[in-house]
Structure formats: C-alpha cells, structure tokens
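Peer 1: Pasting a structure below so you can have a look.
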Amino acid sequence: MSVDLAPPRTAVFAPTARPGRSRVSGHHRSRAVELTGLVSEALSVRAEDLMPGTPQLEVTPDRVATLARSCVSEARADAETDAARARDLYLLALDLQVLALDLQQEELVLRNRRLGECADSLARLRGIPNSQDLVDAVCQELVSRCDFGRATISRVDQGMWLPRKAYFAAADASWFDDWIDQAIPLHGHTPEARLLTERRPALVLDTTTAPVHRDIIVESGQSQSYVVAPLISRGTVVGFFHCDHFPTQRRASDVDRDVLGAFAEGLARLHERLVLMERIDAQRAEVGSVLENAVRSLPEALGAVPRPREITPARLRVLAELTAREVEVLDLVVGGATNRAIASRLVIAEDTVKSHVKQILRKLGVTNRAQAIARAAGTAPD
Numbered sequence: 001m002s003v004d005l006a007p008p009r010t011a012v013f014a015p016t017a018r019p020g021r022s023r024v025s026g027h028h029r030s031r032a033v034e035l036t037g038l039v040s041e042a043l044s045v046r047a048e049d050l051m052p053g054t055p056q057l058e059v060t061p062d063r064v065a066t067l068a069r070s071c072v073s074e075a076r077a078d079a080e081t082d083a084a085r086a087r088d089l090y091l092l093a094l095d096l097q098v099l100a101l102d103l104q105q106e107e108l109v110l111r112n113r114r115l116g117e118c119a120d121s122l123a124r125l126r127g128i129p130n131s132q133d134l135v136d137a138v139c140q141e142l143v144s145r146c147d148f149g150r151a152t153i154s155r156v157d158q159g160m161w162l163p164r165k166a167y168f169a170a171a172d173a174s175w176f177d178d179w180i181d182q183a184i185p186l187h188g189h190t191p192e193a194r195l196l197t198e199r200r201p202a203l204v205l206d207t208t209t210a211p212v213h214r215d216i217i218v219e220s221g222q223s224q225s226y227v228v229a230p231l232i233s234r235g236t237v238v239g240f241f242h243c244d245h246f247p248t249q250r251r252a253s254d255v256d257r258d259v260l261g262a263f264a265e266g267l268a269r270l271h272e273r274l275v276l277m278e279r280i281d282a283q284r285a286e287v288g289s290v291l292e293n294a295v296r297s298l299p300e301a302l303g304a305v306p307r308p309r310e311i312t313p314a315r316l317r318v319l320a321e322l323t324a325r326e327v328e329v330l331d332l333v334v335g336g337a338t339n340r341a342i343a344s345r346l347v348i349a350e351d352t353v354k355s356h357v358k359q360i361l362r363k364l365g366v367t368n369r370a371q372a373i374a375r376a377a378g379t380a381p382d
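Sequential numbering of the sequence shown, starting at 1, is according to full-length UniProt numbering.
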C-alpha cells in the first residue's frame with residue numbers, strides 16, 4: 001500500500017490566494033498523532049511515512065485530508081472481501097476529515113488575527129514624521145507587534161543585497177554588525193535572487209536543503225527556516241525584509257510569509273508617501289528662500305531703505321485666540337496650501353481640516369481665507 005503524500009518543499013513563494021499554514025494547537029497535534037497511528041496500523045504503513053515528524057512537515061489540513069482519502073481508497077478495495085475492515089477504515093477517514101476541518105478553522109483564525117495585528121502595526125507607523133525614522137522603526141515593529149523573533153531590513157542596489165538594520169527579540173545580534181552594508185551578490189536560484197523577478201514574499205521551510213546564502217543565513221544567522229519579502233518602489237525591488245523565530249525551534253510558516261508580505265507592501269506605501277512629502281517640503285523651502293532673497297534685495301534695487309516688519313499687538317491677539325492645531329492649519333493656509341494638502345501634511349482627515357478652517361474664520365471674525373491671511377499678517381483691522 002502506497003500513500004500519495006506531497007514531497008517536502010524547501011522554498012515556497014506566495015500563491016495568488018490560499019490560506020496559509022499555521023501553528024497547530026497541542027490538542028490537534030495529539031489527535032493527529034493518534035489518528036496517524038491508527039492509519040499506520042490499518043494500512044500496514046510506517047507512521048513516519050504517513051505523517052513525517054520532521055519540523056518542516058508540520059501537521060496541516062491538506063496532509064490530514066490526504067490520509068483520509070487513503071483510508072477511503074483502501075476501504076473501497078476491501079468492501080467486498082472484508083466489510084468489517086472497510087467499515088473501520090471509513091470511520092477512521094471520517095475522524096480524519098473532522099480533524100482536517102478543525103485544523104483549517106484554527107489556521108484561518110490565527111491568520112486573520114495576525115493580519116489584523118499587521119494592519120494595526122502599519123497604522124501606528126503612519127504617525128512617524130520622516131522616512132529615516134520610519135526605516136529605523138520597522139524591524140522592532142515586526143518583532144514586537146507581528147509575532148517574529150528576528151527581523152532585518154536590507155537594501156538592493158545593482159544586483160547586490162546589502163543588510164542595513166536588524167532587531168532581535170532574545171538573541172545575540174552582534175554578528176549582524178559585521179554584515180551591515182556588505183554587498184551580497186544576488187544570483188542563482190536563491191529565494192532572494194528570485195525575488196527580483198517573482199516580486200512576491202517567499203517561505204524557506206528548511207535551510208539545510210534550500211539553495212540559500214549559507215554564509216549569512218545559516219553560518220552567521222543560524223536560521224533553520226525563514227520568510228523573506230521584497231520592498232518594491234515604482235515597480236522595482238529596492239529592499240528585502242527577512243524574518244524568522246530564532247532562537248526558538250518554531251519553524252516559519254505560510255502565515256508568516258503572508259503577514260510579512262502584507263507588512264512590506266504597506267510599508268512601501270508609507271515610505272513613498274513620506275519621501276514625497278519631504279521632497280515637497282524641500283522644494284517649498286527652496287522656493288521660499290529664493291523669494292525671500294528676492295524680496296530683501298528689492299528695496300536696495302529700488303534705492304529704498306528696507307524697514308523691518310513689526311509684530312503688532314493685533315497679530316499677537318490672533319495667535320492667542322487659536323489652539324495649537326489651529327495655528328498649524330492657519331500657517332499652512334497662509335502658505336497657500338489646499339485642504340487636501342493640509343490633511344496630508346498633518347495626517348488628518350480632510351473633513352477635519354475643513355472644521356479647523358471654519359473655527360479659525362469664526363474666531364478671527366472673518367468670512368474667507370484671504371481675510372484670515374490678512375488678520376494673521378496683522379494687516380487687517382480688528
């Protein structure tokens with residue numbers, strides 16, 4: 001009797017859509033071991049051939065369902081010659097199918113919970129004001145909030161992988177310092193090289209058999225199993241995230257891969273947004289500097305003596321009437337920003353901006369933005 005079980009996998013890239021593998025509860029694992037023993041006895045097959053005990057081949061709904069199908073196939077063959085044995089095999093298949101359903105439900109619950117934690121983590125990162133601080137925070141966020149033991153971020157440049165930052169929950173991180181900005185060629189069939197074209201997160205089930213970069217992954221990092229996801233900007237892979245569960249013996253899973261992939265995708269959007277805002281700020285500052293220099297040089301060009309601008313009591317009263325947030329909004333209004341631009345700059349809803357502007361106009365006793373700008377400049381009458 002041969003049992004058709006899928007061979008071990010080493011590196012698995014994310015499919016378009018499929019529930020991932022999760023950790024199995026102690027109760028379900030014990031039940032799987034018990035039923036595997038019964039199948040082994042009934043089919044005269046070694047238990048290790050039915051449900052291999054190696055860590056990378058964990059108990060999954062698919063594997064349990066395969067055992068159930070094997071029992072049904074054998075029962076059909078014995079239906080006419082040994083009805084009692086056929087009945088026992090059908091009952092065993094039924095128990096296995098129930099277990100497969102329980103496992104599937106368990107892993108879906110875990111997957112949804114962890115993806116929810118990933119979404120919460122990305123929401124927290126939205127409050128970071130600049131791109132450098134964002135990059136500095138992401139590895140710790142992955143470990144502290146997304147249920148990983150270690151996380152690293154690397155940049156990709158001209159076919160090279162350059163480790164940049166890492167955060168380890170409970171392991172010695174000193175070895176990573178030697179790898180920072182060390183160029184690692186991306187070639188061959190390693191998961192990292194394939195990411196350049198696949199552009200999807202990958203799961204490495206077993207580093208002893210997968211074609212990984214052994215010097216950093218295995219020899220230095222001692223990783224047995226990990227997930228890696230690309231950071232993509234404008235259609236190009238510009239970096240990697242690597243995560244695992246070291247120093248525990250817990251193996252990386254399909255759920256880990258999906259969580260890291262979702263995090264990397266969200267992080268890429270946050271980073272692009274901050275970079276764009278920083279460029280806009282830099283351009284605005286440059287234009288402002290040019291205009292300021294032009295204004296300062298104008299009186300001299302006209303033969304006039306420049307007079308310093310006074311801070312009038314009226315202007316001070318304007319600022320005193322507003323809250324700190326309203327002052328921020330007013331400053332941006334004076335700078336010519338639209339409601340949408342103000343909302344993006346202050347990371348608030350556009351409706352909230354409209355509410356602030358309405359309050360500012362009311363407090364200043366004016367009816368439009370032009371009048372508010374004049375009041376802010378201290379040139380309008382009280």
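For each residue, glycine too, the CB sits at the ideal point set by N, CA and C.
Specify, as a first and last residue, the run of the beta strand (DSSP E) that L231 falls within.
Peer 2: Y226 to S233
Peer 1: Please state whether DSSP places V366 in a helix, a strand or coil.
Peer 2: DSSP places V366 in coil when its eight states are reduced to three.
Peer 1: Quick one: residues in its chain with C-beta nearer than 8 Å to the C-beta of N130, no 5 flanking neighbours on either side, listed in chain order?
Peer 2: These residues qualify, in order along the chain: L274 and E278.
Peer 1: Going straight from the alpha carbon of T54 to that of V72, what length do you get?
Peer 2: Confidence at T54 is low in this model, with a pLDDT of 42, below 50, so the placement of that residue should be treated as unreliable; the coordinate-derived value is given next. Distance between the alpha carbons of T54 and V72 is about 26 Å.
Peer 1: Residue range of the beta strand (DSSP E) that G239 falls in?
Peer 2: Where G239 is concerned, the enclosing beta strand (DSSP E) stretches over T236 to D244.
Peer 1: I'd like to check one pair, V353 with N368: are the Cβ atoms closer than 7 Å?
Peer 2: No.
Peer 1: Looking at C-beta atoms only, is the number of pairs between the stretch 217-232 and the stretch 118-138 that lie closer than 8 Å three or more?
Peer 2: No, because fewer than three Cβ pairs between the stretch 217-232 and the stretch 118-138 fall closer than 8 Å, the two stretches do not touch.
Peer 1: Would you kindly work out how many angstroms separate the C-alpha atoms of Q158 and I348, rounded to a whole number?
Peer 2: 38 Å
Peer 1: Kindly indicate which residue of L115, D82, R250 and H213 has the alpha-carbon position closest to the one of A183.
Peer 2: H213
Peer 1: Hey, how far is the Cα of R114 from the Cα of Q224?
Peer 2: 22 Å
Peer 1: So P211 and V227 are in contact, right, with Cβ under 8 Å, and what is the actual spacing, rounded?
Peer 2: That pair is no contact at about 16 Å.
Peer 1: For L195 and T236, I'd like the C-alpha separation in whole angstroms.
Peer 2: 11 Å
Peer 1: Rounded to the nearest angstrom, what separates A170 and Q140 at their Cα positions?
Peer 2: Note on geometry: alpha-carbon atoms of A170 and Q140 lie some 12 Å from one another.
Peer 1: Three or more C-beta pairs closer than 8 Å, one from the stretch 229-244 and one from the stretch 141-161: is that the case here?
Peer 2: yes
Peer 1: Using the Cβ count rule (16 or more neighbours within 10 Å means buried), how would you classify H271?
Peer 2: H271 is buried by the Cβ-count criterion.
Peer 1: To the nearest angstrom, how far is it from the Cα of V334 to the Cα of R325?
Peer 2: 14 Å
Peer 1: Is T208 helix, strand or coil when you go by DSSP?
Peer 2: coil
Peer 1: Leaving out five residues before and five after W175 in sequence, what residues of the same chain have Cβ atoms less than 6 Å from its Cβ?
Peer 2: S220
Peer 1: Ordered along the chain, which non-local residues of its own chain (more than five positions away) have a Cβ less than 7 Å from that of V98?
Peer 2: none
Peer 1: DSSP puts I153 in a beta bridge; with which residues?
Peer 2: Per DSSP, the beta-bridge partners of I153 are K165 and F241.
Peer 1: Check whether the Cβ atoms of A264 and L231 lie closer than 7 Å to each other.
Peer 2: yes
Peer 1: By the three-class DSSP mapping on this structure, what secondary structure does P191 have?
Peer 2: helix
Peer 1: Which stretch, first to last residue, makes up the alpha helix (DSSP H) that contains N112?
Peer 2: A83 to L125
Peer 1: With which residues is A68 paired in a DSSP beta bridge?
Peer 2: Partner(s): none; A68 has no beta bridge.
Peer 1: I think A100 touches L89, with their Cβ atoms under 8 Å apart; what is that distance to the nearest whole Å?
Peer 2: Incorrect: roughly 16 Å between the Cβ atoms, too far for contact.
Peer 1: Please name the residue in D178, V204 and I180 whose C-alpha comes closest to that of T190.
Peer 2: V204
Peer 1: What number of angstroms, rounded off, separates the C-alpha of R362 from the C-alpha of R284?
Peer 2: 29 Å
Peer 1: Return the chain-ordered list of same chain residues with a C-beta closer than 6 Å to the C-beta of V357, the five sequence neighbours on each side being excluded.
Peer 2: Closer than 6 Å at Cβ, skipping near neighbours: no residue.
Peer 1: A68 and D78: beta carbons closer than 7 Å?
Peer 2: no
Peer 1: Can you find the residues in the same chain that come closer than 8 Å, C-beta to C-beta, to S121, ignoring five residues on each side of it along the sequence?
Peer 2: E141, L142, R145, C146 and F263, listed in sequence order.
Peer 1: Spatial neighbours of S22 within its chain, please: CB distance less than 7 Å, with the 5 preceding and 5 following residues excluded, ordered by chain position.
Peer 2: Its pLDDT being 44, under 50, S22 is placed unreliably by the model, and the measurement read from it follows with that caveat. Once the five neighbours on either side are set aside, the close Cβ partners of S22 are E106, E107, L110, R111, S253 and V255.
Peer 1: Whole angstroms is fine: what's the gap from A84's alpha carbon to L91's?
Peer 2: If I take the Cα positions, the gap works out to 11 Å.
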